[in-house]
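A.B. asks:
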Amino acid sequence: MIRQAQLEDASQVVSLIISAIHELTVPFTGEHDENAAAKILTEYYCTPGNRFSYELVTVEEIDGEIAGMILCYYGKDMTALYSPIETLLQQRLQKAVTLELEADTDEYYIDAIAVHPSYQGRGIASRLMQHSEQKAANDGVHKVGLNVDFDNASAEDIYKRKGYVADKQIMLHHKPFWHMVKQV
């Protein structure tokens, strides 16, 4: 069953977010230790109004377990969603922090998508993407975007098969990514 994420999903969803963004947890948490990063991401997840909030997460639940999740938001909201995290990081790190903007302002942006290893190969990611694409279209936004690491050719191929096309190269946290879009 696809549904809106809830606060009580925090542990399972944060684990999936970490599996999706890997080393990119460091710029968002200031932590290199995965357990410390998970604690901070859980705080973000449980707090409304930021880019990792449960409000922006859709999950697929199977037999009471979170099988997969997708984290999406509108590009036009990006600055407002990043601001609380920048403020918290500035307080923690005692220095100015500006997060790199990842999405175009005219798109619905897929920030992260992940499926628990026990549930992979069952079409969960496809269903979550279709659900998000439909949400965007229903809300009058006809472009969905995402970023793919240059080193992840298999993910790039999957997105191409789903109708996404690379429209530009961007640098995020000193790494090259393809920005890919799909008209919906």
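Under full-length UniProt numbering, the first residue of the sequence shown is numbered 1, with each subsequent residue one higher. Backbone N, C-alpha and C fix where the C-beta goes; we use that ideal spot for every residue, glycine too. It should be emphasised that the depicted structure is a prediction, and the values quoted were computed from it without experimental measurement.
At a cut of 8 Å, does the region 97-110 reach the region 75-87 through at least three beta carbon pairs?
C.D. replies: Touching, yes.
A.B. asks: Jot down the residue ranges of each uninterrupted beta strand (DSSP E) in the region 83-124, minimum 3 residues, whole runs only, in chain order.
C.D. replies: List check, beta strand (DSSP E) in window: 108-115.
A.B. asks: Could you check the C-alpha separation between residue 44 and residue 108 for me, to the nearest Å?
C.D. replies: Each residue's alpha carbon lies about 20 Å from the other.
A.B. asks: Going by the DSSP bridge assignment, what does residue 62 pair with across the sheet?
C.D. replies: Looking at the DSSP assignment, residue 62 forms a beta bridge with 65.
A.B. asks: Take residue 147 as the anchor and find which of 1, 184, 166 and 79 has the nearest alpha-carbon.
C.D. replies: The residue with the shortest Cα to Cα distance from residue 147 is 166.
A.B. asks: Could you check if residue 171 is buried or exposed, using at least 16 other CB atoms within 10 Å of its CB as the buried criterion?
C.D. replies: By the neighbour-count rule (16 or more Cβ atoms within 10 Å), residue 171 is not buried but exposed.
A.B. asks: In whole angstroms, what is the alpha-carbon distance linking residue 15 and residue 38?
C.D. replies: Cα to Cα, residue 15 sits roughly 7 Å from residue 38.
A.B. asks: From residue 139 to residue 35, what does the alpha carbon distance come to, in whole angstroms?
C.D. replies: Whole-angstrom Cα-Cα distance: 37 Å.
A.B. asks: Consider the C-beta atom of residue 125 and the heavy atoms of the ligand SAH; say whether any pair is separated by less than 7 Å.
C.D. replies: This structure lacks the ligand SAH; in fact it carries no ligand of any kind.
A.B. asks: Based on the DSSP secondary-structure assignment, which residues constitute the bridge partners of residue 73?
C.D. replies: Paired residue(s): 109.
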